[in-house]
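A.B. asks:
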Amino acid sequence: MSVSSYLWTATGDKYQSMPHLTSCSMRNSTSFPHEKRSRRPLKALTVFTDTSGASHKLVMAWRNPQTQRWEADVEFVEGSPQVAELAAVVRAFEKFSEAINLVTDSAYVAGVVSGAEQAVLKEIDNEHFFRLLSKLIYLISHREHLFYVMHVRSHTDLPGEIAEGNRQADSLAAPVEKARLPDIFQQAKLSHQQYHQNVPGLIRQFRLTWSQARAIVATCPKCQVQEMPSMGAVHASAHAGEKTEHVKKHLVQAFSVLGIPKEIKTDNGPAYTSKGFLKFVQQWGVEHKIGIPHSPTRQAVVERAHQTLKQVLARQSSTTVWMSPHEKLCKAMFTINFLNCSFENMSPPMVRHFNSGNQFKLSQCLPVMIRDPETWETKGPYELVTWGRGYASWPLPQALGGFPRKKAYLTLNPVMNPIQVVILLLLNSLATA
Numbered sequence: 001m002s003v004s005s006y007l008w009t010a011t012g013d014k015y016q017s018m019p020h021l022t023s024c025s026m027r028n029s030t031s032f033p034h035e036k037r038s039r040r041p042l043k044a045l046t047v048f049t050d051t052s053g054a055s056h057k058l059v060m061a062w063r064n065p066q067t068q069r070w071e072a073d074v075e076f077v078e079g080s081p082q083v084a085e086l087a088a089v090v091r092a093f094e095k096f097s098e099a100i101n102l103v104t105d106s107a108y109v110a111g112v113v114s115g116a117e118q119a120v121l122k123e124i125d126n127e128h129f130f131r132l133l134s135k136l137i138y139l140i141s142h143r144e145h146l147f148y149v150m151h152v153r154s155h156t157d158l159p160g161e162i163a164e165g166n167r168q169a170d171s172l173a174a175p176v177e178k179a180r181l182p183d184i185f186q187q188a189k190l191s192h193q194q195y196h197q198n199v200p201g202l203i204r205q206f207r208l209t210w211s212q213a214r215a216i217v218a219t220c221p222k223c224q225v226q227e228m229p230s231m232g233a234v235h236a237s238a239h240a241g242e243k244t245e246h247v248k249k250h251l252v253q254a255f256s257v258l259g260i261p262k263e264i265k266t267d268n269g270p271a272y273t274s275k276g277f278l279k280f281v282q283q284w285g286v287e288h289k290i291g292i293p294h295s296p297t298r299q300a301v302v303e304r305a306h307q308t309l310k311q312v313l314a315r316q317s318s319t320t321v322w323m324s325p326h327e328k329l330c331k332a333m334f335t336i337n338f339l340n341c342s343f344e345n346m347s348p349p350m351v352r353h354f355n356s357g358n359q360f361k362l363s364q365c366l367p368v369m370i371r372d373p374e375t376w377e378t379k380g381p382y383e384l385v386t387w388g389r390g391y392a393s394w395p396l397p398q399a400l401g402g403f404p405r406k407k408a409y410l411t412l413n414p415v416m417n418p419i420q421v422v423i424l425l426l427l428n429s430l431a432t433a
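For the sequence shown, the UniProt record's numbering assigns the number 1 to the initial residue and increments by one for each residue that follows.
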């Protein structure tokens, strides 16, 4: 039987037939001077309530306005799910005396709260139930600020703040044995909520299909303006000004992350034409070129990188409110450099950056010694073409041409660098010359 069976309106009309009452009370009451329940959502704190009959948990969840982090109040309560839902709402009114938006996934409780303000309670046999209803009516009638109550469906994947808060309360109320790790698709959705990767980046990181990755990006409210492009490696830093000293600090940081470039191209700003900057690039052995003044095409790459960085910062703004400017930049650069990619090249920009030139590549054609398994004669050194886990390859010498499918052993070369050491790699077979 619903709680509304125990409530009478101020005019004396009842919602449903009343159960057996132990005592009687007034059926008529004076009108309330001011209605505390708002008919529209308020610009105030939003509190989500939920309970679980399996875990007997009573949960309130809300986002702290100062830190923008989720906070929760969890208690254990005995009784039916309806009693627990009502206890959660009562606890919310006890904790928050200011104006609030109350969101619950129980239509039953939402109806009780909506009609409790202009109702007179008659005593019932269930003492615990009676105390909760009495406390609810008392708290609502003595409130100084408005409240708004809203019912939402639970366990939905809809985007938005309301659905997110309801999921937060659901996860806290769930019993421990039922709190499972999300599947790959859910992990991708959670990751996109944090970093807002593009479609190729989601496909590469989580091995999704194109339609799955596209669905995640398409349902993201912050990624509807423009698809995030993939570009080269980007480094950005926050400084208090644009003087020569600030430019030098930025470049030193960039060198420590991306390496020292052969050439730097800038505009003709005062910081880039100063003597201090020219001396700086000479010390680092970097060639400095100045683009054509007032020619936007010459700075198109930089401007595009600047625009992309601002887009990433804007999309991640809801999850970086409490971060410092340096932390926000680091998170945005991590997304651009390590998570985003393109269908033309599924490698992240940072991987492409270090693989594009010979400066950061490992030495090739390492010298190795081979040993004939029959004569135990050591020969070489030969240039190692490639190697990996459990295999190695080198140009087959003519001396071994008559020994097809023979095993060959690699022995240590005393002149080799320890990094270049290959120890006893066994080849299953050798092709004939």
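C-beta atoms are modelled at their ideal positions from N, C-alpha and C, and glycine is treated no differently.
My output table needs one value for Ser274: the three-state DSSP class, helix, strand or coil.
C.D. replies: coil
A.B. asks: On the three-state DSSP scale, how would you describe Leu208?
C.D. replies: coil
A.B. asks: Hey, out of Val120, His128, Asn126, whose CA is closest to Ser141's CA?
C.D. replies: Comparing Cα-Cα distances from Ser141 to each of Val120, His128, Asn126, the minimum goes to Val120.
A.B. asks: Quick check on Arg153: does DSSP put it in helix, strand or coil?
C.D. replies: coil
A.B. asks: Determine the extent of the beta strand (DSSP E) in which residue 434 is found, giving its start and end residues.
C.D. replies: Examination of residue 434 is not possible in this model, given that the chain is present from 1 through 433 alone.
A.B. asks: Around the Cβ of Thr378, are there at least 16 other Cβ atoms within 10 angstroms (buried) or fewer (exposed)?
C.D. replies: Exposed is the call here.
A.B. asks: Look up Met323 in the DSSP assignment and say whether it is helix, strand or coil.
C.D. replies: coil
A.B. asks: Cα separation between Asn355 and Lys262?
C.D. replies: Their Cα atoms are separated by approximately 16 Å.
A.B. asks: Within the continuous alpha helix (DSSP H) that includes Val59, where are the two ends?
C.D. replies: Per DSSP, Val59 belongs to no alpha helix (DSSP H); it is in the beta strand (DSSP E), 57-63.
A.B. asks: Smallest Cα separation from His288: which of Arg304, Ile260, Gln311?
C.D. replies: Ile260
A.B. asks: If we call anything under 8 Å between Cβ atoms a contact, is Ser106 one with Glu85?
C.D. replies: Judged by beta-carbon spacing, Glu85 lies within the 8 Å limit of Ser106, meaning their Cβ atoms are closer than that value.
A.B. asks: Report the three-state DSSP secondary structure of Ser38 (helix, strand or coil).
C.D. replies: coil
A.B. asks: Applying the criterion that 16 or more other CB atoms from any shown protein chain within 10 Å of the CB defines a buried residue, is Val312 buried or exposed?
C.D. replies: buried
A.B. asks: Does DSSP classify Phe334 as helix, strand or coil?
C.D. replies: For Phe334, the three-state secondary structure derived from DSSP is helix.
A.B. asks: In whole angstroms, what is the alpha-carbon distance linking Cys252 and Glu94?
C.D. replies: Looking at the sequence shown, residue 252 is not Cys but Val. Going by the C-alpha atoms only, they are around 55 Å apart.
A.B. asks: Pull up the distance between the alpha-carbon of residue 458 and that of Asn198, whole angstroms please.
C.D. replies: The requested residue 458 is not part of the displayed model; the chain covers only 1 to 433.
A.B. asks: Quick one: what's got a C-beta closer than 7 Å to Met26's C-beta in the same chain, skipping five residues either side?
C.D. replies: Note that Met26 scores a pLDDT of 36, beneath 50, so its modelled location is shaky and nothing firm can be said.
A.B. asks: Which of the three DSSP states, helix, strand or coil, is assigned to His128?
C.D. replies: helix
A.B. asks: With respect to the beta strand (DSSP E) encompassing Phe48, which residues constitute its N-terminal and C-terminal limits?
C.D. replies: 45-52
A.B. asks: Drop a sphere of 10 angstroms on the beta-carbon of Leu190, count the other beta-carbons inside from all chains shown, and report buried for 16 or more, exposed for fewer.
C.D. replies: exposed
A.B. asks: Whose C-alpha, out of Tyr382, Ala332, Leu172, is nearest the C-alpha of His235?
C.D. replies: Among Tyr382, Ala332, Leu172, the Cα nearest to that of His235 is on Ala332.
A.B. asks: For Thr266, write down the residues that DSSP places opposite it in a beta bridge.
C.D. replies: Ile290
A.B. asks: For the putative contact between Val286 and Ile264, defined by C-beta atoms under 8 Å, what is the C-beta separation to the nearest angstrom?
C.D. replies: 5 Å
A.B. asks: As a quick exercise: from Arg371, Met323, Leu329, Glu35, pick the residue whose alpha carbon is nearest that of Arg143.
C.D. replies: Considering only alpha carbons, the answer is Glu35.
A.B. asks: Please list, in chain order, all residues of the same chain as Ser97 whose beta carbon is under 8 Å from its beta carbon, the five residues on each side excluded.
C.D. replies: Result list for Ser97: Arg143, Glu144, His145, in chain order.
A.B. asks: Would you identify the three-state DSSP class for Lys95, choosing helix, strand or coil?
C.D. replies: helix
A.B. asks: Could you check whether the stretch 269-288 touches the stretch 315-329, counting it as contact only if at least three pairs of C-beta atoms, one from each stretch, sit closer than 8 Å?
C.D. replies: no
A.B. asks: Span of the beta strand (DSSP E) holding Ala72?
C.D. replies: 70-76
A.B. asks: Skipping 5 residues on each side, what residues in its chain have a beta carbon closer than 8 Å to that of Ala188?
C.D. replies: Contacts found: Leu202, Gln205, Phe206, Leu208, Gln212, Ala213, Ile216.
A.B. asks: Which of helix, strand or coil does DSSP assign to Pro367?
C.D. replies: strand
A.B. asks: For Tyr195, which residues in the same chain have their Cβ closer than 6 Å to its Cβ, ignoring the five residues on either side in sequence?
C.D. replies: Result list for Tyr195: Thr335, Leu339, in chain order.
A.B. asks: Distance check for Thr46 and Phe255, CA to CA, integer angstroms please.
C.D. replies: 46 Å
A.B. asks: Looking at Leu132 and Val59, is the spacing between their C-beta atoms short of 8 Å?
C.D. replies: Result no, Cβ atoms of Val59 and Leu132 do not sit closer than 8 Å.
A.B. asks: Relative to the alpha-carbon of Leu42, which residue among Arg153, Gln224, Tyr148, Pro349 has its alpha-carbon at the smallest distance?
C.D. replies: Here the closest residue by C-alpha is Tyr148.
A.B. asks: Would you give the residue range spanned by the alpha helix (DSSP H) that Asp372 belongs to?
C.D. replies: According to the DSSP assignment, Asp372 belongs to no alpha helix (DSSP H), since it is labelled neither H nor E.
A.B. asks: Label Lys269 either buried or exposed according to how many other C-beta atoms from any shown protein chain fall within 10 Å of its C-beta, with 16 as the threshold for buried.
C.D. replies: Note on residue identity: the sequence assigns Gly, not Lys, to residue 269. Exposed, since its Cβ has fewer than 16 Cβ neighbours within 10 Å.
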